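Below: one structure, written as structure tokens.
In this note's numbering, the protein residues as written are 47 to 378.
Printed below as a string of structure tokens:
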């Protein structure tokens, strides 16, 4: 029997398992220090491989669609933060102060890359534009997210300045990415052939960060600080935020005259937030036990966005093919 698309995937179940493991067997002392070094190495490898996988041709193919990219950027880095602030009277009592800060951190993050492109492809949207928009969002997020975090959360990173936070993120995330782009000419083909098992590097690095973050949070008493009612409210808060952004994405795509493939791309690229980028960034931006609380909304939002977008993508995929799509399948 096939698993329903509304059920969590294997990675999400593993993520839940890691949180439970950290809750009962948290790392501490020298074990936690060594684990932190291992996590940093895994994150560097993760972004190195992202750089090696990203095709320059794919970026160039979609780079000219500037109106679409501006709208996606506006949704990701303007609408999300504004909604996070505007909904404070509703969200803060619903989830509590600490989890609300996590919601604001979620709003400051860039869009996903892999899932946005995958859902756009499944729904027969503008795939080259999705590749370019999602990849650019991830890169610009390295610089924009620390600035937005400073404005929204009044957090300045470990060293006390936004510039230092940007530098730390650039060293830990951007430099490995650039190194991967440079090395692509030698290892790009190998990475392409082995992408099915290299995805475990992506997932493994996230699991390491989550375990380390929740271990520290558990040692500081996270589950005593967050009532069960706040966790239930967090589910509602994530659904409200995602629903508003999906409605805005659909409305603005139609209002600005985009065709349906472009509107599909806008919907899936503009409504997502990246777990793969957000978790490593949180490790750089936030110190101490606060990180576990701050990434909890992101982890939950990630699963909700996958389930909702899977349903939407399947619905778009069942629509009749347009004349333009049919002509694109005929060889000239």
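Ideal Cβ placement from N, Cα and C applies to all residues, glycine included.
Being a predicted model, the structure only gives us computed values, none of them experimental.
Check: Taking the alpha carbon of residue 154 as the point to measure from, which residue in 133, 308, 143 and 128 has its own alpha carbon closest?; Outcome: 128
Check: With distances taken Cα to Cα, identify the nearest neighbour of residue 294 among 281, 308, 280 and 317.; Outcome: 317
Check: Alpha helix (DSSP H) containing residue 312: first to last residue?; Outcome: 306–316
Check: Considering only residues of the same chain and omitting the five flanking positions on each side of residue 150, which have a CB-CB separation below 7 Å?; Outcome: 130, 198 and 199
Check: Who are the near neighbours of residue 186 in its chain, counting only those whose CB is closer than 6 Å to its CB and skipping five residues on each side?; Outcome: none
Check: Does the beta-carbon of residue 291 have 16 or more other beta-carbons within 10 angstroms, so that it is buried, or is it exposed?; Outcome: buried
Check: Could you check whether the segment 336–349 touches the segment 270–282, counting it as contact only if at least three pairs of C-beta atoms, one from each stretch, sit closer than 8 Å?; Outcome: yes
Check: Using CA atoms only, rank isn't needed, just tell me which of 364, 331 and 313 is closest to residue 351.; Outcome: 313
Check: Among residues of its own chain, excluding the 5 on either side of residue 302, which ones have a beta-carbon nearer than 8 Å to its beta-carbon?; Outcome: 113 and 117
Check: Alpha carbon to alpha carbon, how far is residue 262 from residue 222?; Outcome: 26 Å
Check: In angstroms with no decimal places, state the Cα-to-Cα distance between residue 287 and residue 137.; Outcome: 10 Å
Check: Tell me which residue opens and which closes the alpha helix (DSSP H) that residue 272 is part of.; Outcome: Segment: none, residue 272 is in no alpha helix (DSSP H) and carries neither H nor E.
Check: Out of 92, 168 and 195, state which residue places its alpha-carbon closest to the alpha-carbon of residue 246.; Outcome: 92
Check: Judging by CA-CA distance, which residue of 349, 326 and 357 is the nearest neighbour of residue 192?; Outcome: 326
Check: Which value, in whole angstroms, describes the spacing of the CA atoms of residue 94 and residue 170?; Outcome: 30 Å
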